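Its first residue numbered 124, the sequence shown is counted upward by one per residue in my numbering.
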Amino acid sequence: MLSYCLFIVIPVLLIGYFANSVYLKSISEQIESSVNGTLVQMSDNVSYKVEDVKRVSSFFYFDNTFATQLRNFEEGWVGYEATINFFVPKIVAYKDASNSNMWLSLYFHNKLIPEVYRDYKGDPLRLLDKPYDIYRITRIKDKDWYKNYPEEKYGSTMQWVQIEDDKKFNRISLIRRLVNPQVNSQIVEFGFLRQSVYLSDLFDTIDHTKIGNSASIYVVDENKQIMLSSGDSKTSVNGVWNAENFADHMVIEKNIPSLNWTIAAVIPNTIYEEKIKEVRLLTFVICLIFAFVFLISGALMSNYFSRKVNKIVSVLNSFQEGNFHKRINFKGNDEFSQISLALNEMGQNIGELIHKVYVADLEKKEAELDMLQAQINPHFLYNTLSSINRLAKFGELNKLQQMVMDLAKFYRLSLNEGRILMPVSDELDQANAYVNIQKIKYEERMGISYHIDPAILGFTTIKLIIQPFIENVLEHAWCADRIHIRIVGTLETDHILFKIIDDGVGISASILQQMEDPEESTNVGYGIRNVNQRIKLYYGATYGVSIFSRLGIGTTVSIRIPLEKPRDFKSDRY
Numbered sequence: 124m125l126s127y128c129l130f131i132v133i134p135v136l137l138i139g140y141f142a143n144s145v146y147l148k149s150i151s152e153q154i155e156s157s158v159n160g161t162l163v164q165m166s167d168n169v170s171y172k173v174e175d176v177k178r179v180s181s182f183f184y185f186d187n188t189f190a191t192q193l194r195n196f197e198e199g200w201v202g203y204e205a206t207i208n209f210f211v212p213k214i215v216a217y218k219d220a221s222n223s224n225m226w227l228s229l230y231f232h233n234k235l236i237p238e239v240y241r242d243y244k245g246d247p248l249r250l251l252d253k254p255y256d257i258y259r260i261t262r263i264k265d266k267d268w269y270k271n272y273p274e275e276k277y278g279s280t281m282q283w284v285q286i287e288d289d290k291k292f293n294r295i296s297l298i299r300r301l302v303n304p305q306v307n308s309q310i311v312e313f314g315f316l317r318q319s320v321y322l323s324d325l326f327d328t329i330d331h332t333k334i335g336n337s338a339s340i341y342v343v344d345e346n347k348q349i350m351l352s353s354g355d356s357k358t359s360v361n362g363v364w365n366a367e368n369f370a371d372h373m374v375i376e377k378n379i380p381s382l383n384w385t386i387a388a389v390i391p392n393t394i395y396e397e398k399i400k401e402v403r404l405l406t407f408v409i410c411l412i413f414a415f416v417f418l419i420s421g422a423l424m425s426n427y428f429s430r431k432v433n434k435i436v437s438v439l440n441s442f443q444e445g446n447f448h449k450r451i452n453f454k455g456n457d458e459f460s461q462i463s464l465a466l467n468e469m470g471q472n473i474g475e476l477i478h479k480v481y482v483a484d485l486e487k488k489e490a491e492l493d494m495l496q497a498q499i500n501p502h503f504l505y506n507t508l509s510s511i512n513r514l515a516k517f518g519e520l521n522k523l524q525q526m527v528m529d530l531a532k533f534y535r536l537s538l539n540e541g542r543i544l545m546p547v548s549d550e551l552d553q554a555n556a557y558v559n560i561q562k563i564k565y566e567e568r569m570g571i572s573y574h575i576d577p578a579i580l581g582f583t584t585i586k587l588i589i590q591p592f593i594e595n596v597l598e599h600a601w602c603a604d605r606i607h608i609r610i611v612g613t614l615e616t617d618h619i620l621f622k623i624i625d626d627g628v629g630i631s632a633s634i635l636q637q638m639e640d641p642e643e644s645t646n647v648g649y650g651i652r653n654v655n656q657r658i659k660l661y662y663g664a665t666y667g668v669s670i671f672s673r674l675g676i677g678t679t680v681s682i683r684i685p686l687e688k689p690r691d692f693k694s695d696r697y
């Protein structure tokens, strides 16, 4: 019972352990997938805002008419009219085309263009809605950010930087050179554009609560500088980003392609550690419940099989003592019911045959009675049922079921509804059922092979002529840890020839002589003489059993029976 408990509990615990591991991994993957999806959405929203700001700069950058008017700007009334009627309306129209609140600053090389600006006492974006200013380029000529601006690649050169007072007011600026590519087929700068927006407006969708109240989100530029953060931040804005500072956190990063910046989400392990604890506890409880259920059901099933096997064993003990009147009855239609029916019928048949032996043809009926007694083989059946009982106790239910089915099949074919004759195919099936039972006992130590001519399967034979020799091999022929038996069936000119060949210890000449002597009264070769006697009684002296054996090499048993087609079996009953 202890081994059965271990057999049940250990797999349940292993399954629980692996199920827990898989589920924990699944939780981590789900969290990572969910956060990734949120970061992708944030990145897309930021990219939309960035592109909106870029779109305004592109209006100025690719407007050749605007560039031509600026290059040809004149002083006086004409210039004033151009400023009032063309430049200012176009600047207003371009900035208003954006949904973003931005401060637009334009710097021009043409000294004739008047400056239009306000003297701000604070943050322009706080004071006005979408303010704009026009300056001369001389105001920024000596600024490092202007002097270090990269070489122009038409249509693509622009920078997101924090310049002037951007850091003070938490802004960021998109700066871009304004060029006229038509002047002498060269790119010529005629001005400079600066668009300043709040970081909070550009990254308004960055919200740590979308991931979790305990989470943090960082916006990091290409130089690993933290530009913006949301949540309980361990690292301040303008600090240097280093994911290794969050060893006890889950860190997930998502690139913002339009900026070449990164959004980094930092999730404390405590967010899902509580779930992990709950899952572990739940898994442990479920494993305990299943282990308890399996143990109880296994014990009940083992007890159920043991009680039935014990009843069958008690009937067999009665049969051994000569009491063939004892009967057992099992409800249902399982293998135990089939065995009980077979035993009851055999007990009845044996009782009737014993009675007939005393009132009929004594010699022939005595041989038939011997055959039936060999058929019952209480020693074999007792050992088989003991094995079944042992399998039930150890919980090896698959082997138990297979052994019970083969035992039921063996006795069903042995009974053969009381007929003496049976098809050759049934005789072979009966022998195979016996072999299958023994295989469960001997496992790999026993080998069996069949070489049967299909042409013989349609003929008939008296029953129980092959199995006794297989049993004899298993009882007496072992000479090593393994034995192999070969069953051969061939169709000869006027008869069928069976051979049972083993590679066992062999039989000495003296023992072989005792086995073949019909007058020998010892138990040596009893089963072999019984088969030989029944064949000769039924088919005549021409047929029967012959044995060839060599010590240390093996034994070949040859069984010869005539060719007989199936006929009405009613006349062949006992």
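Where a beta carbon is used, it is the ideal one built from N, C-alpha and C, also for glycine.
Everything numeric in this text was worked out from a predicted model, so none of it was measured.
Taking a contact to require three or more Cβ pairs closer than 8 Å, the segment 614-626 and the segment 681-691 qualify as touching.
Between L162 and the set T206, H574, L580, I386, the nearest pair of CA atoms involves I386. Leaving aside the five residues that flank Q524 on each side, the residues in its chain whose CB is nearer than 8 Å to its CB run, in chain order, E458. CA-to-CA, the gap between G354 and S339 works out to about 4 Å. Within the same chain, and ignoring the five residues on either side of E468 in sequence, the residues whose Cβ sits closer than 7 Å to its Cβ are L538. Note that the C-beta distance between R317 and L404 is not below 9 Å.
If the five residues before and after G362 are omitted, its C-beta is found closer than 6 Å to the C-beta atoms of I349, all from its own chain and listed in chain order.
When the five nearest sequence neighbours on each side are left out, the beta carbons in the same chain lying within less than 6 Å of the beta carbon of M373 are those of I390, in order along the chain. C-alpha of G541 to C-alpha of E475: approximately 11 Å in a straight line. Nearest in C-alpha terms to D252, of all of V239, V320, K276, L193, is V320. The three-state reading of DSSP puts L674 in coil, since its state is none of H, G, I, E or B.
In terms of Cβ geometry, S323 and N293 form a close pair [threshold 9 Å]. Taking a C-beta distance under 9 Å as the contact criterion, I298 and V169 do not qualify as a contact pair. For I579, no alpha helix (DSSP H) run applies, since DSSP gives it neither H nor E. Annotation for F326: V169, V342, L351 place their beta carbon closer than 7 Å to its own, counting only its chain and skipping 5 residues before and after.
For I634, the enclosing alpha helix (DSSP H) covers residues 632-639. With contacts defined by Cβ atoms closer than 9 Å, P591 and I651 form a contacting pair. For the segment 189-235, the continuous alpha helix (DSSP H) assignments of 4+ residues that do not extend past its boundaries occur at 200-205, 211-219, in sequence order. The DSSP assignment places 267-270 as complete runs of the alpha helix (DSSP H) inside the segment 265-301, in order along the chain (cut-off: 4 residues). Taking a contact as a CB-CB distance under 8 Å, the pair R609 and S572 counts as one, their CB atoms being some 5 Å apart. Around the beta carbon of H448, fewer than 16 other beta carbons sit within 10 angstroms, so the residue counts as exposed. Counting only residues of its own chain and dropping the five nearest sequence neighbours on each side, S548 has a CB closer than 6 Å to the CB of L580. Judged by pairs of C-beta atoms under 8 Å, the segment 413-423 does not touch the segment 204-211, as fewer than three such pairs exist.
Under the three-state reduction of DSSP output, H331 falls in the helix class. Excluding the 5 residues flanking it on each side, L520 has same chain C-beta neighbours closer than 8 Å at M424, L514, in chain order. In the three-state DSSP reduction, L614 falls in the strand class (E or B). With a beta-carbon spacing of about 57 Å, E152 and H232 fall beyond the 8 Å limit used to define contacts.
Between the alpha carbons of D242 and M165 lies a distance of about 36 Å.
Taking every protein chain shown into account, the CB of F185 has fewer than 16 other CB atoms within 10 angstroms, so this residue is exposed. Here D371 has P391, N392 as same chain residues with Cβ atoms under 8 Å from its own Cβ, once five neighbours each way along the sequence are excluded.
Shown here, D186 sits in coil according to DSSP, grouped into three states, outside any helix or strand. DSSP, reduced to helix, strand and coil, places I589 outside both helices and strands of the structure shown, so it counts as coil.
Under a 10 Å Cβ-count criterion, V408 is classified as exposed, with fewer than 16 other Cβ atoms of the shown protein chains found around its own Cβ. For G650, no beta strand (DSSP E) run applies; the uninterrupted alpha helix (DSSP H) run containing it begins and ends at 649-662, by DSSP. Taking 9 Å as the cut-off, the Cβ atoms of F196 and I236 count as close. Excluding five sequence positions before and after V596, the CB atoms of its chain that fall closer than 8 Å to its own CB belong to I606, I608, I623, D625, G627, T678, given in chain order.
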